[in-house]
Amino acid sequence: MRTVSPILKADGPVVITGAGGQLGRELEYRLERNNVPVVALARGHVDITDAGAVDRAIGETRPSLVIHTAAATDVNGCEERRRAAYRVNVLGTWNVARSAAVVGAAMVYVSTNYVFDGRKLGPYFEYDDAAPLNAYGATKLQGETVARQVHDRLYVVRTSWLYSRWGTNFVSRLLDVDSVDGPLRYVGDQVANPTCAGDLADGILELSETGAFGVHHLVNEGATSWYGWAAAVLSNLGRDDVALEEISGDEFLRSAAVPQNTELANEMARSVGVEMRPWTEALASHIRAVVE
Numbered sequence: 129m130r131t132v133s134p135i136l137k138a139d140g141p142v143v144i145t146g147a148g149g150q151l152g153r154e155l156e157y158r159l160e161r162n163n164v165p166v167v168a169l170a171r172g173h174v175d176i177t178d179a180g181a182v183d184r185a186i187g188e189t190r191p192s193l194v195i196h197t198a199a200a201t202d203v204n205g206c207e208e209r210r211r212a213a214y215r216v217n218v219l220g221t222w223n224v225a226r227s228a229a230v231v232g233a234a235m236v237y238v239s240t241n242y243v244f245d246g247r248k249l250g251p252y253f254e255y256d257d258a259a260p261l262n263a264y265g266a267t268k269l270q271g272e273t274v275a276r277q278v279h280d281r282l283y284v285v286r287t288s289w290l291y292s293r294w295g296t297n298f299v300s301r302l303l304d305v306d307s308v309d310g311p312l313r314y315v316g317d318q319v320a321n322p323t324c325a326g327d328l329a330d331g332i333l334e335l336s337e338t339g340a341f342g343v344h345h346l347v348n349e350g351a352t353s354w355y356g357w358a359a360a361v362l363s364n365l366g367r368d369d370v371a372l373e374e375i376s377g378d379e380f381l382r383s384a385a386v387p388q389n390t391e392l393a394n395e396m397a398r399s400v401g402v403e404m405r406p407w408t409e410a411l412a413s414h415i416r417a418v419v420e
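Going by the numbering used here, the first residue of the sequence shown is number 129, and it counts up by one from there.
Here it is as structure tokens:
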């Protein structure tokens, strides 16, 4: 875990929305370990779609930084309940950004690789044109737009395929898999960057010290498919008894269209000194930590 900069320590508290999620909990843990005052706003604490509630929560704490991780992230759920996704991902983001701007706090808005359509050969850079295929990606992109409309001290951080020690996620579901459940079927033609939420938290806190406002990609370096990711998890666990089967995205029916290639390149963050380690290294380290 990286050390938080003394500059961040010298400022006011940090507000984290969505503090009960994977990334929110990793951020809170790191800030508290470094004695940085934190106001953790989980779902039950404040409704981000309520402008008055957001104004009160942020206005009363007078933070120096707001990290906005709260979002509707269920890709299929967003497709099936578009209005609800819009309220959280767009209206909620506008409320948080506007309130942060009013109190003079910088802001980090966490966005997604699904703002891209997946048709590019090779990784997407921050300056590539966004063209989301589904409601989740569309509302997160609209969230980027409305945040920029009201806040000029804004970091937009796009990431992908998060996992952590908290809650249920792709990696945690494979930790105790039973060999009799196989073969496990995973899509092999949809590619992105598996990203450790702890590494992302480190990267966000480091980026927030640079003053390099704008759009940044923060993912563990390199990409794989869902099938390749599952194989890597099982390999790190020494589970050669579990059979895997590679399938196409067309064989895995979903409500939402999913782009085939959303690998991100950390071009802008790297240019200001924020480095992310390879996904294979991050995954191996994570599995060692949770298994031991």
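Cβ coordinates follow ideal geometry from the N, Cα and C atoms, glycine included.
Residue i - containing beta strand (DSSP E), residue span
i	result
serine 413	No beta strand (DSSP E) holds serine 413; the alpha helix (DSSP H) holding it covers 407-419.
glycine 342	342-345
threonine 145	142-145
valine 285	282-287
alanine 168	166-169
arginine 247	Arginine 247 -> no beta strand (DSSP E), and no H or E assigned at all.
valine 174	Counting along the chain, valine 174 falls outside any beta strand (DSSP E), and DSSP gives it neither H nor E.
valine 308	Neither: valine 308 is in no beta strand (DSSP E) and is coded neither H nor E.
arginine 293	No beta strand (DSSP E) holds arginine 293; DSSP gives it neither H nor E.
Burial state of residue i (16 or more Cβ within 10 Å)
i	result
valine 142	buried
threonine 390	buried
glycine 401	exposed
valine 471	The structure shown does not extend to residue 471, since the chain is modelled only from 129 through 420, so no value can be given for it.
threonine 296	exposed
asparagine 163	exposed
alanine 371	exposed
leucine 392	buried
leucine 381	exposed
alanine 329	buried
serine 307	exposed
leucine 249	exposed
glutamate 160	exposed
arginine 158	buried
glutamate 156	buried
serine 399	exposed
glycine 366	exposed
Euclidean distance between Cα positions of residue i and residue j
i	j	result
glutamate 420	histidine 196	32 Å
alanine 275	tyrosine 237	8 Å
glycine 148	tyrosine 255	31 Å
glutamate 403	glycine 187	33 Å
glutamine 277	aspartate 304	46 Å
alanine 200	asparagine 217	6 Å
alanine 168	alanine 410	26 Å
leucine 302	valine 166	33 Å
glycine 377	proline 191	43 Å
alanine 351	asparagine 321	4 Å
cysteine 324	valine 418	13 Å
asparagine 394	proline 311	35 Å
tyrosine 291	proline 406	14 Å
tryptophan 294	valine 231	31 Å
tryptophan 222	arginine 171	17 Å
histidine 345	alanine 397	7 Å
glycine 331	histidine 414	16 Å
glycine 140	leucine 335	17 Å
tryptophan 357	phenylalanine 298	9 Å
tyrosine 314	alanine 359	10 Å
Close beta carbons around residue i, own chain, < 6 Å, minus the five adjacent residues each side
i	result
tyrosine 264	Val203, Cys206 and Tyr242
valine 284	Tyr237, Ser239, Glu272 and Val343
glycine 152	Ile144, Gly146 and Thr197
alanine 229	Val278 and His279
glycine 384	A small fix is needed here, since residue 384 is alanine in this sequence, not glycine. Closer than 6 Å at Cβ, skipping near neighbours: Val203, Asn204, Glu207 and Asn262.
glycine 316	Ser353, Tyr355 and Glu374
alanine 412	Asn364
valine 347	Thr287, Ser288, Asn321, Thr323 and Leu392
tyrosine 252	Phe244 and Leu392
Delimiting residues of the alpha helix (DSSP H) encompassing residue i
i	result
glycine 265	263-278
alanine 200	Taken as a continuous stretch (DSSP letters only), alanine 200 belongs to no alpha helix (DSSP H), as it is neither H nor E.
alanine 179	179-189
tyrosine 252	Neither: tyrosine 252 is in no alpha helix (DSSP H) and is coded neither H nor E.
tyrosine 237	Looking at the DSSP string, tyrosine 237 is not in any alpha helix (DSSP H); the run it does join, the beta strand (DSSP E), is 234-240.
valine 231	220-231
valine 299	298-303
arginine 158	150-161
arginine 210	210-214
Closer than 7 Å: residue i CB and nearest the ligand SAH heavy atom
i	result
serine 336	Ligands are entirely absent from the displayed structure, and the ligand SAH is therefore not among its contents.
Own chain residues within Cβ distance below 7 Å of residue i, not counting five before or after
i	result
valine 224	Thr145, Ile176, Val182, Val194 and His196
glutamine 318	Ser353, Trp354, Gly377, Val386 and Gln388
arginine 281	Ala234, Met235 and Phe341
Same chain, Cβ closer than 8 Å to residue i, five either side skipped, listed in chain order
i	result
glutamine 150	Leu290, Tyr291, Ser292, Trp294, Gly295, Asn297 and Ala325
Query raised in the report: Can you list the alpha helix (DSSP H) stretches of 4 or more residues lying completely in the stretch 329-401, in chain order?
Result: Correct list: 354-365 and 395-399.
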